[in-house]
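These notes are about the structure you will find just below.
Residue numbers (the numbering used here), protein chains in the order written: chain S, 1 to 427; chain L, 1001 to 1265.
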């Protein structure tokens, strides 16, 4: 009996075990091995962040050829600031997308949150009180949606579509209720701290210190994690791969800092990194730890992968879904603050519908599945940059509004198509 | 082995006495008796609609019986929910396996029982635990336990599902058609795991259509026919022909055993 079993087991070709989906980091024994496995993964569709980075580079080259201003420091920093709210709203969507749900209301959640914050600021409340109240309101709204979706088992698409329509009305109502503050349907932002999120920057020295410290910390974190696996006698990526990744993080940080520290002002000196970049990085770290290193995060993936398996493992699906929608609401609230800072005001003209679709597009272009179970916070950052680059680049080309809209549509479609082809059916 | 002592003479780990189950006017199970001893593989066979699935769902707490007693370690128990059965030490591996394809082997095995350190997942501790369980079961075909379950073969997935059950200190593992839709080598892998379970003193109750597999691993056979337990006993009392006769007619084959040819296994 034993010999019967041993034989087929050992004759399983090793190739078959090293399936393309497997994490290249942990399968590789050497650096060359690693490259081979990564290559195989890209070809077979489980390619991680590589296609979106490649796509981003291609789009950037295209726009730079068309207009050399595109790669100027001024425009790149502008691009970072411009993309910030798409990125954070995309991160908000990742929570629910991982479950296979969607939140179409998040754009207006952000809008309403911004109205609440700016209204309170106009009434003279301290900035941090306004921010906290606004975030709590947005999280509470997210929780309400989560409860409806999870408890009543209604499709999130319909519930949050209703939410989108309802909140669009609430936004108008709120601005109307502010009376003299929102005359003409616009509430202006008169708080330097909130304004500085998008319009203020760190000093060049601080930019260098912060970016180098942050990237070194990230690289050290990565290295330490792999080191612990190695010392525990578990499979770990080759040291060369760990070093390469850590190096890439530091190089990227140095490039961003160098660009941000160029003087991009015309009449006055304007240099240093916008605060919004730091805010996005902070949120990226926080939410990545939350969905990657906690029980809640693990359960998000489990429910998105196989809800029945999760239920049988004793996971409260209602609880996790409600919490996911709550976090989407909370992150949308933060987006609202960034958005208000970017616009310098909030008005009845907020297009929460377009914003939320841009955010979902960002998450999906970055590699998050619409069907649940696959995705990372980093996807929203990379995808958000793609969306931001497209908007920014088309504007630089000086096209008419009509042409811009149509080109945006085509480029987004192409991006998703490329993503689909590289992932070949893994949805 | 310590379990071997308990196997022979003391009461079986699980005993069903006169179990009945109705769905409205339909009698799915009538007066079913069954003994499942520790450290042995009991095969539950029967034609389609014989009530095999109903019976295991009754044992695993999905459905409550309408009559009869379930004795667990000699004491009568009532499992109202699957959780009751799981807590008692009954793990059921259903045909759909209940695995998350997007999670890796360790994550699947520890799902719902994650180890935390300072509030964060302790991946290293979890990986060590999972690795040990798989090694105990002699699952060696999986090269990397950090690969997503979706990338595994059918037999490996079955192995992970069983390992997950064993991880929870199951005393009885119920498996529903574990070798259905598996190739030859994959089937061998699963049968090997079943033997490993039994040798560790765990009781195994296997539903199978494949008599070849049954005769390879089972110590005991139980035949259901239209909701009745028509025959039950050590595997030595049966051969393929007599088992098929019991399954298809519900009656004893005349002058069996002696005339029939030996089976493979």
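Cβ coordinates follow ideal geometry from the N, Cα and C atoms, glycine included.
query, result
"Using a Cβ-Cβ cut-off of 8 Å (strictly less than) and excluding sequence neighbours within five positions of residue 1032 of chain L, which residues of its own chain qualify?", "1016, 1018, 1019, 1020, 1051, 1055, 1068, 1224, 1227, 1228, 1229"
"For residue 1269 of chain L, go through chain S and note every residue whose CB falls closer than 7 Å to its CB, in chain order.", "No answer is possible for residue 1269 of chain L: the residues shown for chain L start at 1001 and end at 1265."
"Going by CA-CA distance only, name the one from S:350, S:360, S:366 that's closest to residue 165 of chain S.", "S:350"
"If we define contact as Cβ-Cβ less than 8 Å, is residue 1089 of chain L a contact residue for chain S?", "no"
"So, is the C-beta of residue 1112 of chain L closer than 8 Å to a C-beta in chain S?", "yes"
"Any idea which residues DSSP pairs residue 1072 of chain L with across the strands?", "L:1014, L:1075"
"Suppose contacts are defined by Cβ-Cβ distances below 8 Å. Is residue 288 of chain S in contact with residue 147 of chain S by that definition?", "no"
"Taking C-beta pairs closer than 8 Å, name the residues in chain S that residue 1120 of chain L reaches, listed in chain order.", "289, 293, 294"
"What is the C-beta distance between residue 398 of chain S and residue 362 of chain S, in whole angstroms, given that I count them as a contact (C-beta under 8 Å)?", "Not really, about 25 Å apart at Cβ, beyond 8 Å."
"Under the assumption that residue 346 of chain S contacts residue 111 of chain S (Cβ atoms under 8 Å), give the Cβ distance between them as a whole number of angstroms.", "7 Å"
"Does the count of Cβ pairs from the stretch 358 to 376 of chain S and the stretch 183 to 198 of chain S closer than 8 Å reach three?", "no"
"For residue 1035 of chain L, which beta-bridge partners are listed by DSSP?", "L:1015"
"Specify the secondary structure class of residue 412 of chain S as computed by DSSP and reduced to three states.", "helix"
"Near residue 1217 of chain L, what residues of its chain come up, given a Cβ to Cβ distance below 7 Å and the 5 sequence neighbours on each side ignored?", "1041, 1191, 1194, 1195"
"I'd like to know whether the C-beta atoms of residue 235 of chain S and residue 1102 of chain L end up nearer to each other than 8 Å.", "no"
"For residue 324 of chain S and chain A, any beta-carbon pair shorter than 8 Å?", "The structure shown has no chain A; the protein chains it does contain are S and L."
"Taking a cut of 8 Å between CB atoms, which residues from the stretch 306 to 332 of chain S lie near chain L?", "306, 308, 309, 310, 312, 313, 314, 315"
"Assuming residue 1045 of chain L and residue 1184 of chain L are in contact, meaning their beta carbons sit under 8 Å apart, how far apart are those beta carbons, in whole angstroms?", "About 21 Å; that fails the 8 Å criterion."
"Determine, using beta carbons only, whether residue 1232 of chain L and residue 1034 of chain L come nearer to each other than 8 Å.", "yes"
"When the Cα atoms are used, what is the spatial distance from residue 1136 of chain L to residue 214 of chain S?", "43 Å"
"From which residue to which residue does the beta strand (DSSP E) around residue 1225 of chain L run?", "1220 to 1225"
"Is there a C-beta anywhere in chain L that falls below 8 Å from the one on residue 224 of chain S?", "no"
"Determine the DSSP secondary structure at residue 1176 of chain L, reduced to helix, strand or coil.", "strand"
"Taking the C-alpha atoms as reference points, what is the distance between residue 1022 of chain L and residue 1240 of chain L?", "31 Å"
"Can you tell me the Cα-Cα spacing of residue 1082 of chain L and residue 172 of chain S, whole angstroms?", "50 Å"
"Under 8 Å, Cβ to Cβ, is there at least one residue of chain L near residue 230 of chain S?", "no"
"Which bits of chain L does residue 304 of chain S rub up against, with CB to CB less than 9 Å?", "1100, 1102"
"Tell me, please, whether the stretch 214 to 227 of chain S touches the stretch 243 to 260 of chain S by the rule of three or more beta-carbon pairs shorter than 8 Å.", "yes"
"Just to confirm, is the Cβ distance from residue 138 of chain S to residue 279 of chain S under 8 Å?", "no"
"If we count the other Cβ atoms within 10 Å of its Cβ and call it buried at 16 or more, is residue 1078 of chain L buried or exposed?", "exposed"
"Check residue 1020 of chain L in the structure and name its three-state DSSP category.", "strand"
"With distances taken Cα to Cα, identify the nearest neighbour of residue 1088 of chain L among L:1168, L:1150, L:1111.", "L:1168"
"Three or more C-beta pairs closer than 8 Å, one from the stretch 63 to 77 of chain S and one from the stretch 388 to 402 of chain S: is that the case here?", "yes"
"Counting only C-beta atoms, is residue 34 of chain S closer than 8 Å to chain L at any point?", "no"
"State yes or no: is the beta carbon of residue 373 of chain S nearer than 8 Å to at least one beta carbon in chain L?", "yes"
"When you compare the CB of residue 1107 of chain L with every CB in chain S, is at least one pair closer than 8 Å?", "yes"
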